[in-house]
């Protein structure tokens, strides 16, 4: 094991000597015009990050998005596209098991007319259980409403009924244990 001679701290990372680099969590991740606190993020790669939802439609509702702000799916690079779906594939399986679900809903709203309220590509992953919605497709209406509600609340900074950072951090901690 190599001995480290000195550390240089920056706001985004720790650099060890001139030839070694260890990535550390940034304080906030950009999600369109919004900031996602690092405690809500439970998985990152060079190209993407996964985080718990501020207003989940069902228990275990998470999002995955590229680190680069990309407004539409067609604007993703091939590497970003593959990475998002690779993570969704593995994470979905883990969320389904963790929440004793029987199915998963994967959802992307690509553009404002499709219900995309945050102009940053993101995949919703929702663990599903029998009877969680009377009409199965009602989940899409709920996702649309939650996103519209979030945009209204964040845009005007009204008193929110969101989950606390502590609550979201606890959920993210649980998911960190099984991600990839």
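In the numbering used here, the protein residues as written are 316 to 495.
Even for Gly, the Cβ is constructed at its ideal location relative to N, Cα and C.
Can you give me the C-alpha to C-alpha distance between residue i and residue j, rounded to a whole angstrom?
i	j	result
residue 378	residue 423	10 Å
residue 365	residue 358	5 Å
residue 396	residue 445	30 Å
residue 488	residue 355	8 Å
residue 318	residue 391	Note that residue 318 has pLDDT 31, beneath the 50 cutoff, so the model's placement of it is unreliable and the number below is only indicative. Whole-angstrom Cα-Cα distance: 40 Å.
residue 401	residue 363	11 Å
residue 346	residue 433	8 Å
residue 382	residue 344	8 Å
residue 416	residue 408	10 Å
residue 453	residue 429	15 Å
residue 411	residue 421	12 Å
Residue i and residue j: beta carbons closer than 8 Å?
i	j	result
residue 443	residue 373	yes
residue 351	residue 399	no
residue 419	residue 441	yes
residue 435	residue 384	yes
residue 425	residue 388	yes
The alpha helix (DSSP H) spanning residue i covers which residue range?
i	result
residue 402	393-413
residue 480	480-491
Starting from residue i, trace the beta strand (DSSP E) both ways and give me its first and last residue.
i	result
residue 423	No beta strand (DSSP E) holds residue 423; DSSP gives it neither H nor E.
residue 381	377-381
residue 439	438-443
Going by Cα to Cα distance, which pick from the options is closest to residue i?
i	options	result
residue 403	376, 492 and 426	376
residue 460	388, 370 and 342	370
residue 481	367, 344 and 348	367
residue 492	353, 348, 413 and 342	413
**Item:** Length at least 3, wholly inside the stretch 335-373: the beta strand (DSSP E) runs in chain order
**Value:** Counting only runs of 3 or more, we get 335-338, 343-346, 349-352, 356-359 and 363-367.
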